[in-house]
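Per my numbering, the sequence shown starts with residue 3, numbered consecutively. Reading through the structure tokens given below for one structure.
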Amino acid sequence: MTLRGDVRVSASIIFGIGLVVGVLSGLLGVGGGFLLMPAMMYGMGVPAVIAVGTDIRQITISGAFGAFVYARDRFVAIPVVATLLAGSALGARIGAGVSNLVDEDDIKGYFATILLVGRVAVAAKRVGTALDIGVLNTVSIVLIFGATVVVSGAILLAAVCQLRADNTGFWCRLSAT
């Protein structure tokens, strides 16, 4: 199968990756996006922007199936869904536009940073819970939210600097060095 970006991958490999991600998502109770995106980028060599778009499409379809199952059992708060959808649709549009401005290697670095900090945060929470050290649970939360804010800010800065091709402004000059 030829993917956009002239990447050739066997359909059975793609199916296998999807199966593993699905099983891990079901076991861990998390979305598969943080598993699928690196699998596509590093395992299949798919460019980052295409991996993000493919990942979002896959999540949309699998999420729709999950939403149907939960809604059938009356476990969905429709007013909350509508409000979240309005915000996330706008956010997704902004994110897609920004990701087209940022260098692919930078996106990979930001994503790797989030994964690394996420692992440290999970480890801190587990150690804090196991040893009854409450401050480690707080550290875990600060790491997750802090990394999200810092990495999001770095991505936005990279996009703004890309739009300002002359690298004017203190932060653009600082980030270029």
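Positions of the beta carbon are idealized from the N, C-alpha and C atoms, including for glycine. What you are looking at is a predicted structure, and each value in this text was computed from that prediction instead of being measured.
The residues Met39, Ser101, in chain order, have a CB closer than 7 angstroms to that of valine 54 in the same chain once the five nearest residues on each side in sequence are set aside. Distances from the CA of isoleucine 16 to each of Ser142, Ala167, Asp57 were compared; the closest alpha carbon is that of Asp57. Per DSSP, reduced to three states, the secondary structure at arginine 10 is strand.
Residue environment for serine 90: exposed (fewer than 16 other C-beta atoms within 10 angstroms of its C-beta). Secondary structure note for valine 152: its alpha helix (DSSP H) is the uninterrupted segment 136–165. By the C-beta density criterion, leucine 87 is exposed, having fewer than 16 other C-beta atoms within 10 angstroms. In the DSSP assignment, threonine 4 is bridged to Arg10. Segment contact: the segment 66–80 against the segment 95–112, fewer than three CB-CB distances shorter than 8 angstroms; contact not assigned.
In the three-state scheme derived from DSSP, where H, G and I count as helix and E and B as strand, arginine 74 is classed as helix. Just measuring C-alpha positions, the residue of Gly65, Val11, Ser27 sitting nearest valine 48 is Val11.
The straight-line gap separating the alpha-carbon atoms of alanine 126 and isoleucine 116 is approximately 15 angstroms.
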